[in-house]
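As structure tokens, the structure follows; a few thoughts come after it.
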Amino acid sequence: MKNLFIGLLLLISTSLFAQDSTRVCGTSITKENAKMLNSVVEEKILDPQLTDDLTNALRTIKIPVVVHIVWNDSVQNISDEQINSQMIALNEDFRARNKDIDNVPIKYKNLVADFKIKFVLKGVTRTHTDRREFAHQDGVKSTLEGGIDPWNTKKYLNIWVCDLYEGLLGYAQFPGEDSITDGVVMDYEAFGTGGTAQEPYHMGRVCSHEIGHWLGLYHIWGDDCGWFDTDQKCDGDDMVKDTPLQSCPSRGCPSANIGTCGSQDMWMNFMDYTSDECTWMFTKGQRKRAWAVLMHYRWDIYKLF
Ligand SMILES: [Zn+2]
């Protein structure tokens with residue numbers, strides 16, 4: 027089904043709707059955990075130690091990464107080069123060193139954040155599986171279920187790359203949930219910047235988005251939109267002060283000055299659903315939230331610099 031869908035996409039690639047309707051991020055959070063996460067962040071961002079660390083020019087956080095390739099068809103056994111291309115993309119996006127950062131509208135330029143986070147690839151595992159594809163929140167993270175168990179999730183960001191069903195591009199686990207399944211799962215066609223990566227998700231930005239969730243960031247529109255983007259509301263908030271309210275996810279490459287909640291949408295933010303070529307930035311508010319999350323939930327990683 028997925029291959030057929032992608033084939034159709036190639037045939038009708040000029041249709042924005044067909045291209046962009048495929049984007050699905052499977053990340054979700056329970057109400058209870060969101061409440062806990064938000065209260066932890068609220069407290070931690072006031073911690074003087076966090077402010078000191080953030081303002082220390084020499085302080086960066088090094089996140090050790092392990093990439094687990096779980097493949098059925100040999101095409102899914104992506105190359106080391108493709109894995110490295112994703113690492114390069116992450117280290118550009120999270121440092122505001124991406125070549126397209128200059129495209130950020132003047133209005134938002136002063137909000138652009140260097141996250142001061144460096145991703146360091148520490149290992150790659152390769153596992154052949156009998157499973158043809160994986161669904162959301164299931165076995166790829168477990169050896170017993172046809173995937174592979176994580177490395178110590180307190181010390182590593184685990185990223186599994188496999189064939190996810192239909193339009194699912196990736197999903198992450200928010201902080202505060204089960205450590206056995208902590209990490210990010212990516213579809214092999216939305217990972218890296220070459221090889222099997224498919225337009226419009228061919229620049230590594232889906233992984234930046236999912237790691238944003240792993241760092242405690244919500245979708246920029248605050249997840250208050252109906253399934254078909256018809257239920258447009260401005261109540262939901264991503265709990266970050268410097269990102270404007272937005273009613274629903276953006277698709278494709280929106281026009282510059284679109285605004286759905288009385289201000290210009292920040293559709294160029296990595297936590298929106300915009301195509302890879304039109305997402306360029308995180309904000310300083312998002313950085314503060316992410317650092318607060320690392321400090322509280324991922325101390326073994328936070329202390330590495
Ligand atoms: Zn998402």
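The opening residue of the sequence shown carries number 27 in my numbering; numbering runs sequentially from there. Beta carbons: idealized from backbone N, C-alpha and C, even for Gly.
Shortest alpha-carbon distance to residue i belongs to which of the options?
i    : options                   : result
P226 : N178, E303 and N283       : E303
R123 : W306, T300, Y299 and G172 : W306
G242 : G173, Y197 and A316       : A316
L116 : D261, L147, K135 and K133 : L147
D298 : E236, G311 and K267       : E236
E159 : D189, L170, I206 and K310 : D189
R152 : S301, R121, L137 and V101 : V101
W186 : M212, T207 and H162       : M212
L330 : I132, V91 and T286        : V91
I174 : N129, T155 and D264       : T155
N110 : I132, R121, G218 and I143 : G218
A60  : Q258, D140, K181 and F200 : F200
K181 : F145, G172, A216 and D164 : F145
Q108 : Q224, V66 and D326        : Q224
G288 : C274, C279 and P270       : P270
S65  : I327, Y328, D326 and H322 : H322
G209 : G252, P176 and G193       : P176
I327 : T56, Y197 and W240        : W240
D164 : H228, T207, D126 and F296 : T207
S234 : S205, G262, A198 and E203 : A198
G230 : I114, I143 and L63        : I114
E118 : I132, D264, H162 and A139 : A139
D263 : G278, C279 and H245       : H245
D99  : R157, I132 and I89        : R157
N184 : S168, Q258 and G172       : S168
V50  : G278, P74 and F308        : G278
H162 : F141, Y191, N178 and D128 : Y191
K133 : F296, P74 and A282        : A282
D79  : Q258, G52, F141 and E203  : F141
F120 : C251, I89, P131 and N129  : I89
Quick one: does the C-beta of residue i sit closer than 7 Å to a heavy atom of ligand 1?
i    : result
C233 : no
H239 : yes
H245 : yes
C51  : yes
For residue i, write down the residues that DSSP places opposite it in a beta bridge.
i    : result
I143 : I87
R231 : For R231, which the question treats as bridged, DSSP gives no partner whatsoever.
I104 : Note: I104 sits in no beta bridge, so no partner.
H94  : T151 and W186
V50  : L194
N124 : BP columns for N124 are empty, so no partner.
F160 : L190
N295 : M307
V138 : T309
Does the distance between the C-beta of residue i and the nearest non-hydrogen atom of ligand 3 fall short of 7 Å?
i    : result
T151 : With respect to small molecules bound, the structure shown includes ligand 1 and not ligand 3.
Could you round the C-beta distance between residue i and residue j to whole angstroms and report it? I think they count as a contact, below 8 Å.
i    : j    : result
V150 : V93  : 5 Å
G221 : S105 : 6 Å
L195 : V232 : 5 Å
S273 : T300 : With 8 Å as the limit, S273 and T300 do not qualify as a contact, their Cβ atoms being about 15 Å apart.
G311 : D268 : 4 Å
K314 : I71  : 5 Å
M137 : T309 : The identity of residue 137 in the sequence shown is Leu, whereas the question assumes Met. Contact flag correct, Cβ pair sits at about 4 Å.
L170 : A318 : Not a contact, Cβ separation roughly 35 Å.
message: If we require 3 or more residues per run, which beta strand (DSSP E) segments fall completely within the region 303–327?
response: Taking 3 residues as the minimum length, the region 303–327 contains no beta strand (DSSP E) run wholly inside it.
Contained alpha helix (DSSP H) runs [length at least 4] in the region 184–268, N- to C-terminal order: Here the runs fully enclosed are 231–240.
- request: Can you check the region 53–83 for any alpha helix (DSSP H) of at least 4 residues that lies completely inside it and give the ranges in chain order?
  value: Counting only runs that start and end inside the region 53–83, the alpha helix (DSSP H) elements of at least 4 residues fall at 57–70 and 74–81.
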